[in-house]
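Asker: Have a look at the structure that comes next, please.
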Amino acid sequence: LKASKHAALPPLPPKTLIGRPIDTQEIEARRKGLQHYLHELVARPDTRTSTPLLEFLEFEARTDMTVTHLMPRRGPVCDLEDPRFAVSGVHYWHKALTKQMDVVIVAYQDSSHVARLGRMWTVVEPDELGAWAIWAPTHAGDDNWHRVFLENFAIKVPCMCVEETSRQIFIAMEDGTIRAYHLPDEEDIQPQLVGSYQVHATSVLDLDCSARHLLSIGFDATIRLVKVSTREVVSGGRLAKRLDGKHLTVAALDEPARRAFLGTSGSDVLIYDVSGNPPHF
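Structure, rendered in structure tokens:
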């Protein structure tokens with residue numbers, strides 16, 4: 038499982054160093070320990086459909102093939118074929134195109150040790166540390182997906198957001214900028230870059246958007262509310278005192294009430310009124 042890039046795996050049961058156990062109670066305890074370990078792996082959506090675990094359990098040999106369709110389909114649907122990249126954002130757009138075709142928009146960022154060197158490494162040796170792509174079915178209603186668009190960057194892409202009404206795609210960058218794209222409703226899917234603007238001094242952590250506004254939070258403990266039509270910052274501020282040493286993690290925008298829900302590393306959810314500037318706690 039580790040070789041297949043699965044993370045946060047439960048610890049293995051203790052090993053037997055001197056001979057195999059012969060005590061009945063100890064054997065039963067070992068059996069229950071192994072059973073508990075396997076239950077943990079089966080309870081996780083990622084590991085219970087992994088090839089190593091299914092082969093270990095001899096799933097196909099011990100399961101009626103008429104009900105195997107109940108298991109999620111194995112194998113990646115949208116794969117960059119580069120083990121360095123982790124998915125940092127995904128959006129499913131139902132009937133995004135005139136041909137009633139769905140698309141999946143995916144953001145990626147480098148999760149390898151080299152990427153942790155940060156911007157200095159890109160100066161020494163420029164590399165592809167982030168990307169975003171659009172995937173579409175080969176034919177409408179088909180389960181076979183292919184990549185129809187890909188753009189790479191020399192910095193990470195930590196998150197993304199899609200506003201379907203205006204057909205805008207917002208790609209957040211590690212340097213604090215947000216790139217706005219427009220997706221034409223055409224057969225040849227080629228997003229058009231309509232603007233790039235600096236909203237944070239450091240990496241953007243999360244985005245949420247509505248038809249009118251885009252909410253962003255940064256690693257610099259700031260929030261920004263941007264008007265989608267003009268890309269003007271209409272509300273924002275720094276929350277360092279309120280965070281008390283913690284940092285922002287996720288954000289959600291309540292457009293009708295003009296409120297921002299902000300999650301922190303301290304398990305708190307902060308609610309701000311962003312109808313004015315600065316935001317009101």
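Under our numbering, residue 318 is the last one in the sequence shown; the count climbs by one each step, no gaps.
Ideal Cβ placement from N, Cα and C applies to all residues, glycine included.
#1: At 3 residues or longer, what runs of the beta strand (DSSP E) sit wholly inside the segment 213–256?
#2: Do D222 and L290 have their C-beta atoms within less than 8 Å of each other?
#3: By DSSP, does P47 sit in helix, in strand, or in coil?
#4: According to DSSP, is I142 part of a helix, a strand, or is it coil?
#5: Shortest alpha-carbon distance to S41 belongs to which of L90, D60 and R68?
#6: Please classify S91: does DSSP put it in a helix, a strand, or coil?
#7: Note the first and the last residue of the continuous alpha helix (DSSP H) segment covering L285.
#8: Can V322 and D257 be called in contact, C-beta distance under 8 Å?
#9: For G273, count neighbouring Cβ atoms within 10 angstroms of its own Cβ and tell me buried if that reaches 16, exposed if not.
#10: Less than 8 Å between the beta carbons of C196 and L251, yes or no?
#11: Is the beta carbon of A170 sitting closer than 8 Å to the one on M138?
#12: Please state whether DSSP places V127 in a helix, a strand or coil.
#13: Could you tell me which of V265, A144, I59 and W130 sits nearest to E201, measuring between CA atoms?
#14: Cβ of F190 within 8 Å of Cβ of I226?
#15: Could you check where the beta strand (DSSP E) with D83 kicks off and where it finishes?
#16: So, A209 versus V231, is the Cβ gap smaller than 8 Å?
#17: What number of angstroms, rounded off, separates the C-alpha of G167 from the C-alpha of V236?
#18: In three-state DSSP terms, what is T267?
#19: I need the boundaries of the alpha helix (DSSP H) containing F96, first residue and last residue.
#20: To the nearest angstrom, how far is the alpha carbon of I206 from that of A217?
#21: Got a sec, what are the start and stop residues for the alpha helix (DSSP H) A277 sits in?
#22: Looking only at its own chain, which residues have a Cβ that is under 8 Å from the Cβ of L38, when we skip the five neighbours before and after it?
#23: Kindly indicate the opening and closing residues of the beta strand (DSSP E) around V185.
#24: What does DSSP give as the partner residue(s) for G167 in the beta ladder?
#25: Could you work out which residue in G303, D281, G282 and N314 is closest to A297 when comparing CA atoms only?
#26: Which of the three DSSP states is assigned to Q205 in this structure?
#27: Given that a residue counts as buried once 16 or more other Cβ atoms are within 10 Å of its Cβ, and exposed if not, what is T61?
#28: Please report how far the alpha carbon of A98 lies from the alpha carbon of P82, in whole angstroms.
Answerer: Answer, in terms of the structure:
#1: DSSP runs (the beta strand (DSSP E)) wholly in the segment 213–256: 214–219, 229–235, 241–246 and 250–255.
#2: No, the Cβ-Cβ distance between D222 and L290 is not below 8 Å.
#3: In this structure, P47 counts as coil in the three-state DSSP scheme.
#4: DSSP, reduced to helix, strand and coil, places I142 within a strand of the structure shown.
#5: Selected option, being the one with the closest Cα: L90.
#6: The question names Ser, but residue 91 in the sequence shown is Leu. Here L91 sits in helix by DSSP.
#7: Per DSSP, L285 lies in no alpha helix (DSSP H); the unbroken beta strand (DSSP E) holding it starts and ends at L285 to D291.
#8: Nothing about residue 322 can be read from this structure; the chain reaches only from 38 to 318.
#9: Under this definition G273 is a buried residue.
#10: It is not a contact, given that the beta carbons lie outside the stated cut-off.
#11: Contact flag unset, no.
#12: Here V127 sits in strand by DSSP.
#13: The residue among V265, A144, I59 and W130 with its C-alpha nearest the C-alpha of E201 is W130.
#14: The criterion of a C-beta distance shorter than 8 Å is not satisfied by F190 and I226.
#15: According to the DSSP assignment, D83 belongs to no beta strand (DSSP E) but to the alpha helix (DSSP H) extending over P82 to R85.
#16: Taking 8 Å as the cut-off, the beta carbon of A209 is found no closer than this to the beta carbon of V231.
#17: About 19 Å.
#18: Of the three classes helix, strand and coil, the one that applies to T267 here is coil, per DSSP.
#19: That run of the alpha helix (DSSP H) goes F96 to R99.
#20: Cα-Cα distance, rounded: 6 Å.
#21: A277 to L280 is the extent of the alpha helix (DSSP H) around A277.
#22: Short of 8 Å from the beta carbon of L38, and not among the five residues preceding or following it, lie these beta carbons of its own chain, in chain order: L46, L78, T84, S87, P89 and L90.
#23: In the DSSP assignment, V185 falls within the beta strand (DSSP E) that extends over W182 to F190.
#24: The partner list for G167 (beta bridge, DSSP) reads Q146 and F190.
#25: Nearest C-alpha to A297: N314.
#26: Note: Q205 maps to strand in three-state DSSP.
#27: Counting the other CB atoms within 10 Å of its CB gives T61 a total below 16, which places it among the exposed residues.
#28: Taking the straight line joining both Cα atoms gives about 21 Å.
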